[in-house]
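Written below as structure tokens is the structure these notes are about.
Number of protein chains: 2
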Amino acid sequence: MRVVRLFVVGLGAVGQGLMRLLKKKREQYARELGLRVELVGVADSRGVWTGEDLDPEEVLRVKSEHGTVAEVGEEVEAVQAMEDVEFDVLVELTPTDIETGEPGLSHIMKAIELGRHVVTANKGPLAVAYGEIMRAAEENGVMIRYEATAGGAMPVFNLVRETLKSVDVLSIEGVLNGTVNYVLTRMESEGISLDDAIADAQSRGIAEADPSMDIEGWDTACKIVILANSILDVPCTIDDVDVTGIEDITPEAIRIANERGYRIKLVGRADRDGNLVVRPCLVPKSDPIARVRGVMNVVRLETDVAGTIYVSGRGAGPLETASAVMSDIISIAERASREG
Amino acid sequence: MRVVRLFVVGLGAVGQGLMRLLKKKREQYARELGLRVELVGVADSRGVWTGEDLDPEEVLRVKSEHGTVAEVGEEVEAVQAMEDVEFDVLVELTPTDIETGEPGLSHIMKAIELGRHVVTANKGPLAVAYGEIMRAAEENGVMIRYEATAGGAMPVFNLVRETLKSVDVLSIEGVLNGTVNYVLTRMESEGISLDDAIADAQSRGIAEADPSMDIEGWDTACKIVILANSILDVPCTIDDVDVTGIEDITPEAIRIANERGYRIKLVGRADRDGNLVVRPCLVPKSDPIARVRGVMNVVRLETDVAGTIYVSGRGAGPLETASAVMSDIISIAERASREG
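This is the structure:
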């Protein structure tokens with residue numbers, strides 16, 4: 000039986016979702032894929048807990064009871080603990096910082112330096128340093144996977160990498176932020192103001208306490224940067240994106256657009272010429288981009304020889320996002336064992 | 000540089016599309032993927048032409064001028080020629096026969112027996128003998144890929160295999176036949192009869208001279224069988240599907256449905272309990288399945304931990320379908336070289 004040993008850094012919603020997923024499906028992976036997934040380290044912002052084969056249910060219990068795994072582990076930095084633990088894959092799930100990419104960037108670079116593979120759901124490091132990370136990974140012969148960064152459970156990077164090998168993608172366009180899309184959907188269907196729609200989203204756990212990253216378009220911009228680097232081979236960072244959010248969208252604007260056959264959507268777009276834009280757009284209702292409702296995301300890929308391809312899926316949700324992380328982990332484990 | 004040597008059987012629309020694709024992108028694959036794609040044999044129903052590195056443009060010219068490659072090759076059966084040629088991948092693109100799966104089934108079994116990998120766009124063999132083919136492939140250590148069988152350029156098998164590894168798909172539902180969908184779309188938008196819509200589709204090259212496989216639902220049924228076997232682990236054949244086509248759909252039925260907020264779509268559906276159904280359905284207009292227009296296909300995958308995922312793309316078109324075939328060829332070549 001193959002074994003993959005995980006060091007999971009970050010125990011917020013997605014990290015805890017991953018623990019729940021492991022609890023639910025670890026035995027099935029062993030049985031059906033011949034892959035034993037072992038947890039050899041978990042870390043949050045206060046400390047690290049390491050062990051030979053940690054129980055994900057126990058991790059959830061400790062985190063919920065004490066607020067940190069440092070309580071049963073040690074108050075050390077993850078980058079330091081990583082040096083002392085034998086693991087195969089760093090799973091980087093800390094909060095996104097689009098200014099510095101930290102602390103995720105340091106965690107990822109440390110893992111690469113140690114020759115360990117990386118799976119991340121954290122947009123920050125890739126939005127500020129995609130090229131740097133990929134060069135370091137190549138030099139050290141490690142794999143980096145980041146399916147969850149562009150849209151939770153909507154598969155797009157691996158779709159292109161694994162199933163559109165014969166094809167060149169010419170441009171990428173889509174609705175990439177479930178929170179914003181939920182807010183716009185509510186404003187349209189209820190005729191309510193932006194603030195009321197945000198408050199509603201917050202009450203349902205769809206928007207964060209500070210929703211500015213979403214509303215101002217920066218979350219979508221991060222995703223566009225990663226898609227452009229990864230799929231279009233356009234080297235870029237978050238600074239290269241022309242970003243406008245939905246702060247100034249009114250219910251009146253939505254109503255007038257609606258009457259004329261359009262929906263207002265926050266659309267992110269990238270093409271091979273390096274045009275990178277996020278802005279509210281009037282999208283004809285007949286366009287599949289306009290038809291995505293609520294927390295669903297959608298991406299349209301224009302290709303040279305395969306026509307237009309759409310993918311759509313839930314853009315958020317802890318378990319859904321964790322499933323994308325887990326698919327990346329399995330993919331790395333399978334490839335490593337074939338090559339090793 | 001890796002080399003993959005192809006034996007292409009079937010030079011209809013998709014076979015010729017593959018020749019055009021090779022002509023267009025062969026040098027790019029060599030340059031960017033380090034993969035040299037060589038054509039060492041082509042066959043149509045009248046004969047076979049083999050050679051060390053056939054020129055796809057020359058194959059197209061011969062086929063167009065003489066109607067068959069037998070003119071420059073030999074009048075032998077493909078199964079016989081396969082024994083005498085060194086090739087890595089059989090590319091099976093002969094016409095679909097859903098009664099016997101022939102001649103594709105014999106071609107595929109012969110290739111497997113010879114220890115060669117198989118890529119096919121031919122639904123017939125898989126719809127009548129999926130289990131048999133996969134068992135033989137496993138015993139002989141060869142790979143079978145068939146992305147183009149379920150919907151031209153809409154990626155679904157490889158999407159699930161490669162990017163949803165952590166997930167169980169619980170059910171599959173979709174609009175899987177572009178011809179039928181085009182016909183229904185025209186009937187709705189123009190208020191015309193089924194026969195007139197079919198004639199229109201025929202004049203545009205979207206429907207075949209005998210469109211009964213599409214209209215009666217059998218093409219969709221084939222796709223459901225392959226999806227159910229491949230993605231849901233439900234062993235089945237075309238005989239297990241409950242099939243109703245769109246023969247009896249009238250413009251009036253479409254109009255009345257439309258007024259009540261529905262569209263009539265030919266929907267194929269499969270679940271883990273082995274329920275396999277193809278039938279015209281009233282689908283609420285708000286459902287993404289209802290929103291796919293013209294020749295586009297769409298599939299909805301319900302999963303256990305990743306929520307609902309949609310994929311949509313062109314269900315037909317020679318170049319688009321050939322691109323799916325080519326992605327499978329590249330995928331096999333890459334995997335074979337990693338393992339070899």
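Each protein sequence line maps, in turn, to chains A and B.
For the first sequence, numbering that gives the first Met the number 0 gives the first residue as 0, with consecutive numbering after it.
For the second sequence, numbering that gives the first Met the number 0 gives the first residue as 0, with consecutive numbering after it.
Cβ coordinates follow ideal geometry from the N, Cα and C atoms, glycine included.
The ligand MN heavy atom lying under 7 Å from the CB of residue i
i: Ser326/A; result: Ligands displayed in this structure: none; no statement on the ligand MN is therefore possible.
Other residues of its chain near residue i: CB distance less than 8 Å, five sequence neighbours each side excluded
i: Thr307/A; result: Arg299, Leu300 and Glu301
i: Val127/A; result: Ile97, Glu98, Thr99, Gly100, Leu104, Thr236 and Ile237
i: Cys221/A; result: Thr95, Ile97, Lys122, Gly123, Leu125, Ala126, Thr148 and Ile237
i: Trp48/A; result: Gly40, Val41, Ala42, Val58, Val61, Val68, Ala69, Val71, Gly72 and Glu73
Boundaries of the alpha helix (DSSP H) in which residue i is found, first to last residue
i: Ser202/A; result: Leu193 to Ser202
i: Val224/B; result: Trp217 to Leu231
i: Leu158/A; result: Segment: none, Leu158/A is in no alpha helix (DSSP H) and carries neither H nor E.
i: Leu113/B; result: No alpha helix (DSSP H) contains Leu113/B, which DSSP labels as neither H nor E.
i: Arg342/A; result: There is no way to answer for residue 342/A, as the model of chain A reaches only from 0 to 339.
i: Pro287/B; result: Pro287 to Arg290
i: Glu207/A; result: That residue, Glu207/A, is in no alpha helix (DSSP H); it is neither H nor E in DSSP.
i: Asp213/B; result: Ser211 to Ile214
Own chain residues within Cβ distance below 7 Å of residue i, not counting five before or after
i: Gly260/B; result: Pro283 and Lys284
i: Ala332/A; result: Arg1, Val3 and Leu34
i: Asp199/A; result: Arg185
i: Leu158/B; result: Val310
i: Val294/B; result: Gly177, Asn180, Tyr181, Ile205, Arg313, Gly314 and Ala315
i: Val166/A; result: Thr302, Asp303, Val304 and Ala305
i: Thr67/A; result: Asp43, Arg45 and Gly46
i: Glu56/B; result: Lys22
Simplified DSSP assignment, three categories, for residue i
i: Ser311/B; result: strand
i: Asn83/B; result: In the sequence under discussion, the amino acid at residue 83/B is Asp, which differs from the Asn named in the question. Three-state result, Asp83/B: helix.
i: Ile263/B; result: strand
i: Val240/B; result: coil
i: Asn296/B; result: strand
i: Arg4/A; result: strand
i: Glu301/B; result: strand
i: Ala77/A; result: helix
i: Gly268/A; result: Note that residue 268/A corresponds to Arg in the displayed sequence, not to Gly. Residue state, collapsed to three classes: strand.
i: Pro279/B; result: strand
i: Pro250/B; result: helix
i: Glu187/B; result: helix
i: Glu245/B; result: The displayed chain sequence assigns Ile, not Glu, to residue 245/B. Of the three classes helix, strand and coil, the one that applies to Ile245/B here is coil, per DSSP.
i: Lys284/A; result: coil
i: Ile97/B; result: coil
i: Asn373/A; result: Outside the shown range of chain A (0 to 339) lies residue 373/A, about which nothing can therefore be said.
i: Asn257/B; result: helix
i: Gly103/A; result: helix
Cut-off 6 Å between Cβ atoms - residues of its own chain near residue i, not counting five sequence neighbours on either side
i: Met212/B; result: Asp218
i: Asp87/A; result: Val3 and Arg4
i: Glu338/A; result: none
i: Glu319/A; result: Gly151, Ala152 and Arg313
i: Ala323/B; result: Glu146, Ala147 and Ala152
i: Lys109/B; result: Val78 and Met81
i: Gly190/B; result: Pro250
i: Arg278/B; result: Thr243
i: Val276/A; result: Asp241 and Arg268
Where the beta strand (DSSP E) containing residue i begins and where it ends
i: Glu91/B; result: Val88 to Glu91
Contact list for residue i against chain E, beta-carbon separation under 8 Å
i: Met153/B; result: Annotation note: the requested chain E is absent from the structure, which comprises protein chains A and B.
- request: Could you say if the region 2-22 of chain A and the region 90-103 of chain A meet the contact criterion of at least three C-beta pairs nearer than 8 Å?
  value: yes
field: Segments of 3+ residues assigned as beta strand (DSSP E) that fall wholly inside the region 10-72 of chain A
entry: 34-43 and 46-49
message: Three or more C-beta pairs under 8 Å: does that hold for the region 163-174 of chain B against the region 256-270 of chain B?
response: yes
Alpha helix (DSSP H) runs contained entirely in the region 116-177 of chain A, provided each spans 4 or more residues: Counting only runs of 4 or more, we get 122-139.
- prompt: Can at least three beta-carbon pairs, one atom from the region 244-254 of chain B and one from the region 173-187 of chain B, be found at a separation below 8 Å?
  reply: With the cut-off at 8 Å, the region 244-254 of chain B and the region 173-187 of chain B touch.
- prompt: So does the region 126-145 of chain A actually touch the region 121-140 of chain B, counting three or more Cβ pairs closer than 8 Å?
  reply: no
message: Under 8 Å, with one C-beta from each stretch per pair, do the region 112-120 of chain B and the region 317-329 of chain B reach the 3-pair mark?
response: yes
field: Contact the region 19-30 of chain B vs the region 23-43 of chain A: 3+ CB pairs below 8 Å
entry: no
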